[in-house]
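Asks: The opening position of the sequence shown corresponds to residue 11 in my numbering, with each subsequent residue numbered one higher. From the three backbone atoms N, C-alpha and C, an ideal C-beta is built for every residue, glycine too. Please read through the structure below; I'll follow up with questions.
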Amino acid sequence: MENIRISLLAAAMALPLCAAAQHGLAGFATYADFGLDGTTGGGDGQVVRVSTRAELERYARGSEPYVIIIENDLEGGGLNDQKDYVSIGSNKTIVGAGDGVTLNGLGFDANGQSNIIVRNLAVRKAKPDGMAFRDCHHVWIDHCDLSECDDGALDFTIGSSYMTVSWTRFHDHDKVSVCNSGTQHYEDYGRQRVTYHHCRFENTTQRNPRIGYGLGHVFNNYYTRNSSYCVGYHTRAKAIVENCYFENTNTPFEQMYSDDPMTASYADVLSLGNKFTGVNGNTKDTGTGFDTDMYYDYKFALDDVADVPGLDGKVGPVAGIEDAPVPFPGDGAIGIDAGVTPWCGNTASADTYRYFIGTTEDGMAELDAATFDMQPGTTYYWKAVGTTADGTAMESETFRFTTAQAKPTWPVPADGELHAELREVAQERAACVPASLRWHRAFGTEYYKVYLSDDEQIDESDLIGETEATEIRPEALKYGTKYYWRVDAVAADGTVTTGDVWSFGSDIKLVTEGRTEMEHAVLSGRVFKEVENGVYFKASNDTVTVGEAGPGCMTVTWNGMSAAYDITTTYFDENDGQGWYGLSVNDERIDQWTASANNERLMKHLTKDVALNPGDEIRIDFYTDNKMMNRTDCIDIAEAAGASGITETAAGDRREPGRIYTVDGIYVGRDINQLTKGVYIIDGKKFVKR
Numbered sequence: 011m012e013n014i015r016i017s018l019l020a021a022a023m024a025l026p027l028c029a030a031a032q033h034g035l036a037g038f039a040t041y042a043d044f045g046l047d048g049t050t051g052g053g054d055g056q057v058v059r060v061s062t063r064a065e066l067e068r069y070a071r072g073s074e075p076y077v078i079i080i081e082n083d084l085e086g087g088g089l090n091d092q093k094d095y096v097s098i099g100s101n102k103t104i105v106g107a108g109d110g111v112t113l114n115g116l117g118f119d120a121n122g123q124s125n126i127i128v129r130n131l132a133v134r135k136a137k138p139d140g141m142a143f144r145d146c147h148h149v150w151i152d153h154c155d156l157s158e159c160d161d162g163a164l165d166f167t168i169g170s171s172y173m174t175v176s177w178t179r180f181h182d183h184d185k186v187s188v189c190n191s192g193t194q195h196y197e198d199y200g201r202q203r204v205t206y207h208h209c210r211f212e213n214t215t216q217r218n219p220r221i222g223y224g225l226g227h228v229f230n231n232y233y234t235r236n237s238s239y240c241v242g243y244h245t246r247a248k249a250i251v252e253n254c255y256f257e258n259t260n261t262p263f264e265q266m267y268s269d270d271p272m273t274a275s276y277a278d279v280l281s282l283g284n285k286f287t288g289v290n291g292n293t294k295d296t297g298t299g300f301d302t303d304m305y306y307d308y309k310f311a312l313d314d315v316a317d318v319p320g321l322d323g324k325v326g327p328v329a330g331i332e333d334a335p336v337p338f339p340g341d342g343a344i345g346i347d348a349g350v351t352p353w354c355g356n357t358a359s360a361d362t363y364r365y366f367i368g369t370t371e372d373g374m375a376e377l378d379a380a381t382f383d384m385q386p387g388t389t390y391y392w393k394a395v396g397t398t399a400d401g402t403a404m405e406s407e408t409f410r411f412t413t414a415q416a417k418p419t420w421p422v423p424a425d426g427e428l429h430a431e432l433r434e435v436a437q438e439r440a441a442c443v444p445a446s447l448r449w450h451r452a453f454g455t456e457y458y459k460v461y462l463s464d465d466e467q468i469d470e471s472d473l474i475g476e477t478e479a480t481e482i483r484p485e486a487l488k489y490g491t492k493y494y495w496r497v498d499a500v501a502a503d504g505t506v507t508t509g510d511v512w513s514f515g516s517d518i519k520l521v522t523e524g525r526t527e528m529e530h531a532v533l534s535g536r537v538f539k540e541v542e543n544g545v546y547f548k549a550s551n552d553t554v555t556v557g558e559a560g561p562g563c564m565t566v567t568w569n570g571m572s573a574a575y576d577i578t579t580t581y582f583d584e585n586d587g588q589g590w591y592g593l594s595v596n597d598e599r600i601d602q603w604t605a606s607a608n609n610e611r612l613m614k615h616l617t618k619d620v621a622l623n624p625g626d627e628i629r630i631d632f633y634t635d636n637k638m639m640n641r642t643d644c645i646d647i648a649e650a651a652g653a654s655g656i657t658e659t660a661a662g663d664r665r666e667p668g669r670i671y672t673v674d675g676i677y678v679g680r681d682i683n684q685l686t687k688g689v690y691i692i693d694g695k696k697f698v699k700r
């Protein structure tokens, strides 16, 4: 089918493309990341109709785009208690024809795929899962019905992200929908961003959904007869539950593993406008969520909470979905760049599309895509008019998107942040690296010029680099320093749009000789605090730092004399594998070792003759291995033995003030400025010449 990306006259008398269409493709599936500008599924690929499992498998595999319409119910081995599923490749739209079709004992599985849409299907009694997405991104599940599956009804695991689940019914099931792979799963860190809206969870047990590590937005859902809990969250996830209706159910909000905010397993939930009637269990939030405006607009799709129970007839498979187009950009998408043209994916009925657009919903008019001149920072409304083979015009619902601003926005660290992490996770089995500066793209930008200074008055001498990406990694920054930065946007014609000046600061922990408890250090990456007061083992201050799924680091800043010091690191070597440690001064690796004794004891590692000067940053890096949690108790810093290695003759001479020796006892004079880099002894103390 031809997809003509031009806009003609609005068809006032056009029939609706889908009488039951509601705002569906909204939320995280519309967000641009991982090389995709949103979710389009099969897009303008070939529309194929299938009526057998063999035909479905033929078109579902691989990455070639297809819009697959399933004509009739199909059965699989799950009805005989056998594992059975169809694998889905990237760039697929799979739609049940008519008022929906049912897969009995047959599920879907996708592994390492992206850009997938599944609509208007019922899946029941599948084994192991109804739909399972592993290491997938940009997925939209819409108007489906999932029940009675062996394990999960709808699971997003192993680093999946940017999913939207809309207008879907979950019922008669135990482990409904999980958005993570459990604790200690590095691959979920920084991912698992998911939106569930206008869904119904009825007579289910748990995971409605359960969100770990990532960001979850749950709005306008209806919950009833959920026997264990409704929305679960853990391991630093942040969830927003908004305008949901909880009726005759248990535990609307479930902190899964720890209610102690300092632990790795703790998570946050923000409750907005929800209704609770006849419920048992927790309804209190933690008061913290995230800013949805950074990712998408959804207010147009948000229904009043009192109206949620009455939406039941629109949930699940409904007639007409096969004729409902998939919009690009997705409904409520933000940050749309210059040169993007609205378009809709192919459907069962439309041979061609006509498009019209405006800056108000009532002001949409004829436009030619070739001359359509989008402006920055503008919200556009648009719709599609499809023409069927017999010439009938059928009109879509109205969609909207907002273009990127003229200059970069949404800085990370956030403007005015006082506790920015200056190091971040880059790889699972590698030390943390200096943190990158990030921002949202500016409209029509060819590349960016990035400036960074500790002075608010930024000039050209503060340029740290140019990049086409929306991030840059500066050299390691100093803790306790306030930084100012700016990102200018350069267009293809060389026009420069000067960005705003942003600022951020960070914590600092100053130390001298003696003991420093690691929980008092500046923590970055996958490191948290944990009480250890004798039940498992006894920490020196009843608290340790603990790793969770990947690397982390603990940083302190030297505030003592210039000299060489011995540093003793105390850690717990648990019987769960092998954990790596490294000790660095500034960005120089001084020592590294492994926690591999597996003896369930506190261990000490001595690093000798570490040269320190005031302002040096001492960093203990680690990364975990499987379940080896890298619990670190403290470090002890003591001046290295000054007389070590000095000959008797040298020892006698050093009574005269100002004489300088090598650590081997060789006299090298009195002028520090003439020395090469190294460790020396003067007046009985070691010092470092840099």
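(1) Mapping the DSSP letters down to three states, classify N260 as helix, strand or coil.
(2) So is R536 buried or exposed if we call it buried at 16+ other beta carbons inside 10 Å?
(3) Would you mind sorting R664 into buried or exposed? The rule is 16 or more other CB atoms within 10 Å of its CB.
(4) Let's see if you can read the secondary structure: which residues bound the beta strand (DSSP E) around L246?
(5) Where do the ends of the alpha helix (DSSP H) carrying Y69 lie?
(6) Classify E529 as helix, strand or coil using the three-state DSSP reduction.
(7) Alpha carbons only, please: which of T40, N213, T370 and I221 is nearest the one belonging to I151?
(8) Between the stretch 326 to 338 and the stretch 97 to 112, do three or more beta carbon pairs fall short of 8 Å?
(9) Bridge partners for G614 per DSSP, in chain order?
(10) Hey, is the stretch 463 to 474 in contact with the stretch 493 to 500, meaning 3+ C-beta pairs nearer than 8 Å?
(11) By Cβ distance below 6 Å, which residues in the same chain neighbour A184 in space, the five residues on each side in sequence not counted?
(12) Less than 8 Å between the CB atoms is what I'm expecting for G557 and Y199, so what's the real figure, rounded?
(13) Using only CA atoms, which one of R63, V336, F44 and G115 lies nearest to G51?
(14) Verify whether the separation of the beta carbon atoms of F366 and Y390 is less than 8 Å.
(15) Tell whether a beta-carbon distance below 8 Å holds between K614 and T578.
(16) State the start and end residues of the unbroken beta strand (DSSP E) segment that holds C442.
(17) Output needed for T522: all residues of its chain with C-beta closer than 6 Å, excluding positions within five of it in sequence on either side, in chain order.
(18) Taking only runs that begin and end inside the stretch 300 to 369, name each unbroken beta strand (DSSP E) of 3 or more residues, in chain order.
(19) When the distance is taken between beta carbons, is R433 closer than 8 Å to S513?
(20) Determine, using beta carbons only, whether N253 and I221 come nearer to each other than 8 Å.
(21) If I'm right that A414 touches F453 with Cβ under 8 Å, what's the distance once you round it to whole angstroms?
(22) Just to confirm before moving on: does the CB-CB distance between A372 and A486 stay below 8 Å?
(23) Mapping DSSP to helix, strand and coil, what is D472?
(24) Do the stretch 167 to 182 and the stretch 130 to 150 touch if we need at least three Cβ pairs shorter than 8 Å?
(25) Quick check: the Cα distance between E649 and D586, rounded to an integer number of angstroms?
(26) For P75, count neighbouring C-beta atoms within 10 Å of its own C-beta (all shown protein chains included) and say buried if the count is 16 or more, exposed if not.
(27) Taking the alpha-carbon positions, what's the L164 to Q56 distance?
(28) Check this for me: beta carbons of G88 and A136, under 8 Å apart or not?
(29) With a 10 Å radius around its C-beta and 16 neighbouring C-beta atoms as the bar for buried, classify Y457 as buried or exposed.
(30) Could you give the first and the last residue of the continuous beta strand (DSSP E) run that contains F166?
(31) Can you name the start and end residues of the beta strand (DSSP E) that A120 belongs to?
(32) Report the residue ranges of all alpha helix (DSSP H) runs contained in full by the stretch 134 to 205; include only those spanning at least 4 residues, in chain order.
(33) In the structure shown, what three-state DSSP assignment does G87 receive?
(34) Tell me whether R451 is buried or exposed, calling it buried when 16 or more other Cβ atoms sit within 10 Å of its Cβ.
(35) I need the DSSP call for N543, collapsed to helix, strand or coil.
(36) Can you name the start and end residues of the beta strand (DSSP E) that A479 belongs to?
Replies: Taking the geometry as given:
(1) It is a strand residue.
(2) By the Cβ-count criterion, R536 is buried, with 16 or more other Cβ atoms from all chains shown falling within 10 Å of its own Cβ.
(3) Here the model assigns R664 a pLDDT of 41, short of 50, so the residue's position is not dependable and the matter cannot be decided.
(4) Position check: residue 246 holds Arg in this sequence, whereas Leu was assumed. If you look at R246, you'll find it isn't in any beta strand (DSSP E); DSSP assigns it neither H nor E.
(5) Going by DSSP, Y69 is part of the alpha helix (DSSP H) stretching over R63 to A70.
(6) Residue state, collapsed to three classes: helix.
(7) Nearest C-alpha to I151 among T40, N213, T370 and I221: T40.
(8) The stretch 326 to 338 vs the stretch 97 to 112: in contact.
(9) Looking at the sequence provided, one finds Lys at residue 614 rather than Gly. Paired residues: T580.
(10) Yes, the stretch 463 to 474 is in contact with the stretch 493 to 500.
(11) Strictly speaking, residue 184 in this sequence is Asp, with Ala absent from that position. These residues qualify, in order along the chain: T215.
(12) Not a contact, Cβ separation roughly 12 Å.
(13) Closest by alpha carbon: V336.
(14) With contacts defined by Cβ atoms closer than 8 Å, F366 and Y390 do not form a contacting pair.
(15) One thing to note: K614 has its Cβ within 8 Å of the Cβ of T578.
(16) Segment: none, C442 is in no beta strand (DSSP E) and carries neither H nor E.
(17) The residues are N569 and G570.
(18) Runs found: 343 to 346 and 362 to 368.
(19) Not in contact: S513 and R433 (Cβ atoms no closer than 8 Å).
(20) For the 8 Å CB-CB criterion, N253 and I221 do not form a contact.
(21) Taking a contact as a CB-CB distance under 8 Å, the pair A414 and F453 counts as one, their CB atoms being some 4 Å apart.
(22) In the sequence as displayed, the identity of residue 372 is Asp instead of Ala. With respect to the 8 Å criterion, D372 and A486 are not classified as neighbours on the basis of their beta carbons.
(23) Helix, per DSSP.
(24) By the C-beta criterion, the stretch 167 to 182 is judged to be in contact with the stretch 130 to 150, since at least 3 inter-stretch pairs fall below 8 Å.
(25) Each residue's alpha carbon lies about 34 Å from the other.
(26) Counting Cβ neighbours within 10 Å, P75 comes out buried, since at least 16 surround it.
(27) Across the structure, L164 and Q56 are spaced so that their CA atoms are roughly 27 Å apart.
(28) Yes.
(29) So Y457 counts as exposed.
(30) For F166, the enclosing beta strand (DSSP E) covers residues L164 to T167.
(31) A120 -> beta strand (DSSP E) spans G117 to N121.
(32) Note on the stretch 134 to 205: there is no whole alpha helix (DSSP H) run with a minimum of 4 residues.
(33) If DSSP states are grouped into helix, strand and coil, G87 belongs with the helices.
(34) Its Cβ being crowded by 16 or more others within 10 Å, R451 is buried.
(35) In the structure shown, N543 falls within a strand segment according to DSSP collapsed to helix, strand and coil.
(36) No beta strand (DSSP E) holds A479; DSSP gives it neither H nor E.
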